[in-house]
Amino acid sequence: MHARGLLDRSPTQAAAVLKELPDTSERVGDARAVAQAAVVRGAAWAIQTTDVFTTIAELSPDARFLLQVTRDGMIQIWDLDRRRLVVSRGYPAGSRALWTGKAILVTREGAAPELFDPFAGTSQPLPVDPIRFAVATAGGDRVAYLDEHGGAGVLDIAARAARPLWPGHVADEIAIAPDGAWIAASDRKTVAVLDPDGRERTSHPAAAVRLFGSRFGQIGVLTPDKVIVCTLAPQPAWTDVDLSAFPQARALDAVFRGRELDLLVAPGKVVAWNGTHAWELLAPRGFTAQLLAAGRDLLVVPSLDGKLHLVDNLLGGELHLPTPLHNLRLAARPGAPRIVALGTGMILGFDLGMPEQLRPAQNMSATFVDDDTLLLWQLGGDTWQWYDVRTGASTPFRYDARGLVEIVDVDPDDGRVLVHELARDASLVLLRKGRTEPQRLVHARVAWGRLVPHGGFLFATGDQRLFAADDGAAPREVASLDGTVDAATTAGATGFAAVSSKGELVRGSLTGGAVVRTRIVLGTTGVLAADLQGRVLAAQDNRLLLWDRDVVEVARLDKRIVRIEPSDAGALLELADHSIVLTSLVPGEPVKTLLAASSRSPLISHDRKLIVGQSINGQLTVVETPTQATWELPSYYNTPDLMTIAPTARRFVQGFGHLALWTLPLAPSDLRRWLDERTNAVIDGDQLTWSWQPHP
1 MHARGLLDRS
11 PTQAAAVLKE
21 LPDTSERVGD
31 ARAVAQAAVV
41 RGAAWAIQTT
51 DVFTTIAELS
61 PDARFLLQVT
71 RDGMIQIWDL
81 DRRRLVVSRG
91 YPAGSRALWT
101 GKAILVTREG
111 AAPELFDPFA
121 GTSQPLPVDP
131 IRFAVATAGG
141 DRVAYLDEHG
151 GAGVLDIAAR
161 AARPLWPGHV
171 ADEIAIAPDG
181 AWIAASDRKT
191 VAVLDPDGRE
201 RTSHPAAAVR
211 LFGSRFGQIG
221 VLTPDKVIVC
231 TLAPQPAWTD
241 VDLSAFPQAR
251 ALDAVFRGRE
261 LDLLVAPGKV
271 VAWNGTHAWE
281 LLAPRGFTAQ
291 LLAAGRDLLV
301 VPSLDGKLHL
311 VDNLLGGELH
321 LPTPLHNLRL
331 AARPGAPRIV
341 ALGTGMILGF
351 DLGMPEQLRP
361 AQNMSATFVD
371 DDTLLLWQLG
381 GDTWQWYDVR
391 TGASTPFRYD
401 ARGLVEIVDV
411 DPDDGRVLVH
421 ELARDASLVL
431 LRKGRTEPQR
441 LVHARVAWGR
451 LVPHGGFLFA
461 TGDQRLFAAD
471 DGAAPREVAS
481 LDGTVDAATT
491 AGATGFAAVS
501 SKGELVRGSL
511 TGGAVVRTRI
521 VLGTTGVLAA
531 DLQGRVLAAQ
541 DNRLLLWDRD
551 VVEVARLDKR
561 IVRIEPSDAG
571 ALLELADHSI
581 VLTSLVPGEP
591 VKTLLAASSR
601 SPLISHDRKL
611 IVGQSINGQL
621 TVVETPTQAT
631 WELPSYYNTP
641 DLMTIAPTAR
651 RFVQGFGHLA
661 LWTLPLAPSD
671 LRRWLDERTN
681 AVIDGDQLTW
691 SWQPHP
């Protein structure tokens, strides 16, 4: 498929090519997979705009709207979700503007500033002297400004009132904290940090050419020959950033990304500084003098080869501009997963599909309990937590685990988690989502178990007996085998099956009745499961057996079977080399390889519609089991470890120590409509073009 070959160099063009595929094509399944790969890599959308040079581009606090100011004084507000112009209003050339919540503060030479509401189409002059330069808090509720005479002040937007700051100084630079907690101002000799009421908190001699800040009480100062950082808590401290490891380095731009300071330095490097030492973060091939923070502490660095380089504390990647942009200017906002690039006559937008770092889970293990909840814990630690991946809220609880801990089963329908503890003896412990009291179920020399729907569980304690227990009820024996119970499984809504160390295979109902028995030839390894019809599946070495009326061999593989997952099409089998094959469970029918061998066991979702595993080159491969189509994820995070997958929500966690949470898109059968919602790029012959551009 031609579109697949375009993915890594032009995902937008790949998406445009896929729009040409007829809905009746036999390759729609593959096309949907490639479309998902394009969207994850960054398929851009575009809006036609003016050819006049853009002087200011800023996203609204919610990143849904774009403020564009051009050299001729035109102010335009764009609805980025709907890709349309909201309003356009002309002002004198050289006018400036910035977001203050849902309104725009417009400033121009020799005139009082005004608040312009682009949605109501109204404007209100403010009783403030003309403003030369202004900067707002993250929410836009307060604005720090310099008037035309260098006087510093702070403007309360709700009160429409201004307060002068730093009297007796002619300031030339000013900055404000994202939450408005401080204002920094400088003249040509001194940098001062002030409270909103004007009280000076600290000052430092420096000839600043730029001031900027972080949300953690840090102020950055660029001077012609050095970089200084002021840290306000616990006591104000001023530190010169040591760039001696980078000879002749001169800072051209800087931004705080969380607590880390990132610097664009000549000649052509991006350097990071964490408060104690500096290191090279990125060396783009040619660069523009602009750094931006976006998303969750994501650094955006444009380069002259048409790429936007993306870096955070864990991940690295790039976006490809689908078409060259002259006079490039970028707009992004911390916390918002959107980046906008403006050039002559065009606005390009990217809605990011990168994984996010699970910061609360650093050096922890994770297991999905349901589609939105992770169980987080640390080996050897006694503090566990339920973590909501949508809100970031966590519920910690104390669990004093004994010995080695393993999560052996999860029921996503009711949020139960079965934990196996192994010390001198063994225990089974039940955790319930949202609850903080672990429940010890079984304690014996040997113990293992499986959860049963509707609150029950199966377990054995190292002898010939198999037990079941309903929620809160006393255990009861449901079967006795001719040897040690080696494995058991649920089968259908109320059924069970078990196999003994001597090869006896039994099945029955948890509601009572006779236990049916048969025998199989054991191998060196075995796996027990049931298909979606409740028929028993038993793997012994490389043989797959199915027990309905009789035990029949349905497949013989070239490697041992180590996992069985029932699916709508039969069963998914993981082999000893971690490849995945699909069997129809029809005796004699060939199996189909869905995922090639790798060094790690793949993740399979609870609904068996999604497989995530490694490919030969170390990239992650996604298998859509309903269509058997595959696609590769971009190499944003260079680790082979796969930790856990959501039951149905197309989320999974990758990594060890530092964890990345992926959320994968799902293209529907109406592929063209889905792609049109994400990009308005189209193909004209072999060329990429846009929906508003004329076509011959």
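The sequence shown lines up with residues 1 to 696 when you count with our numbering.
Built from N, CA and C at the ideal position, the CB exists for glycine as well.
Comparing alpha-carbon positions, which option in 345, 366, 342 and 94 lies nearest residue 641?
366
Answer with buried or exposed for residue 234, where buried requires no fewer than 16 other C-beta atoms within 10 angstroms of its C-beta.
exposed
Continuous beta strand (DSSP E) stretch holding residue 655: start and end:
651-656
What are the uninterrupted segments assigned as beta strand (DSSP E) that are 3 or more residues long and contained completely in the stretch 11-54, given in chain order?
45-48
Does the separation of the CB atoms of residue 107 and residue 131 fall below 7 Å?
yes
Around the Cβ of residue 225, are there at least 16 other Cβ atoms within 10 angstroms (buried) or fewer (exposed)?
exposed
Buried or exposed for residue 47, going by 16 or more other Cβ atoms inside 10 Å?
buried
When the Cβ atoms of the stretch 308-321 are set against those of the stretch 642-650, are three or more pairs found closer than 8 Å?
no
Can you give the Cα-Cα distance for residue 167 and residue 208, rounded to whole angstroms?
18 Å
Would you tell me roughly how many angstroms separate the C-alpha atoms of residue 271 and residue 295, rounded to the nearest one?
20 Å
Less than 6 Å between C-beta atoms, sequence neighbours within five positions excluded: which residues of the same chain meet that for residue 467?
459, 475 and 477
Please work out which residues of its chain come closer than 6 Å, Cβ to Cβ, to residue 604, disregarding the five sequence neighbours upstream and downstream, and give them in chain order.
565 and 611
Touch test, the stretch 286-304 against the stretch 4-17, Cβ-Cβ under 8 Å, three pairs minimum
no
Three-state secondary structure assigned by DSSP to residue 169
coil
Beta-carbon spacing of residue 344, residue 326 below 7 Å:
yes
Expressed to the nearest angstrom, what Euclidean distance is found between the alpha-carbon atoms of residue 363 and residue 330?
35 Å
Of all the options 221, 55 and 407, which has the alpha carbon lying nearest to the alpha carbon of residue 422?
407
Under the rule that 16 or more other beta-carbon atoms within 10 Å means buried, what is residue 63, buried or exposed?
buried
If we count the other Cβ atoms within 10 Å of its Cβ and call it buried at 16 or more, is residue 149 buried or exposed?
exposed
Beta-carbon contacts of residue 43 that lie in its chain and below 6 Å, excluding the five residues immediately before and after
11, 12, 15, 678 and 679
C-alpha gap between residue 86 and residue 608, whole angstroms
45 Å
Do the stretch 486-500 and the stretch 447-462 touch if we need at least three Cβ pairs shorter than 8 Å?
yes
Just verifying my parser: in three-state terms, what is the DSSP assignment at residue 199?
coil
Do the CB positions of residue 306 and residue 287 come within less than 7 Å of each other?
no
Please report how far the alpha carbon of residue 337 lies from the alpha carbon of residue 202, in whole angstroms.
35 Å
Alpha carbon to alpha carbon, what distance is there between residue 72 and residue 52?
7 Å
Please check the pair residue 360 and residue 376, which I expect to be a contact at CB under 8 Å, by giving their CB distance rounded to whole angstroms.
7 Å
Considering only the alpha carbon of each residue, which of 95, 175, 101 and 120 lies closest to residue 111?
95
Is DSSP giving residue 633 helix, strand or coil here?
coil
Does DSSP put residue 472 in a helix, in a strand, or in coil?
coil
Pull up the distance between the alpha-carbon of residue 505 and that of residue 444, whole angstroms please.
24 Å
Output the residue ranges of the beta strand (DSSP E) runs that lie fully inside the stretch 569-607 and measure 3 residues or longer, sorted by chain position.
570-575, 580-583 and 592-595
Using only CA atoms, which one of 469, 482, 530 and 669 lies nearest to residue 510?
469
Can you tell me whether residue 295 is helix, strand or coil according to DSSP?
strand
Between the stretch 659-677 and the stretch 378-385, do at least 3 Cβ pairs fall closer than 8 Å?
no
From what residue to what residue does the beta strand (DSSP E) around residue 386 run?
383-388
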